[in-house]
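So that you can map any letter, position 60 of the sequence shown is 60 in our numbering, and since no number is skipped, the others follow by simple counting. Below is one structure, written out as structure tokens; the observations come after it.
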Amino acid sequence: MNNEIALLTQFLESLGPEVSGHSSSPLDPDEIARIQLFAAGKLSAADRDAMLPGILENEVALRELVSALQATT
């Protein structure tokens, strides 16, 4: 699982400059909590699959995920 998180972190960091055209909607506390659970590996595969498109479409969510992943490594 840690290897998967490390690979995802590297991938998401590589997207940094390219996501600027995406939405940057603010996140509510529930969304932040779910992203932190995602990063900690505490969500099911189905929940992660459901969340990922929304995260990739929102620059704020993507940055939150990268920060959460970096905090866990």
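Note that beta-carbon positions come from the ideal geometry of N, C-alpha and C, so glycine has one too. No experiment lies behind these values; they were computed from the predicted model shown.
Supposed close pair residue i, residue j - CB separation, criterion 8 Å
i   : j   : result
M51 : R34 : 7 Å
CB of residue i within 8 Å of CB of residue j, strictly
i   : j   : result
S25 : V66 : no
S23 : E57 : yes
A39 : A68 : yes
Inter-residue spacing [alpha-carbon to alpha-carbon] between residue i and residue j
i   : j   : result
T9  : I55 : 13 Å
D30 : F11 : 25 Å
Q70 : A46 : 23 Å
Original post:
At which residue ranges does the region 32-63 contain complete beta strand (DSSP E) runs of 3 or more residues, listed in the order of the chain?
Top reply: none
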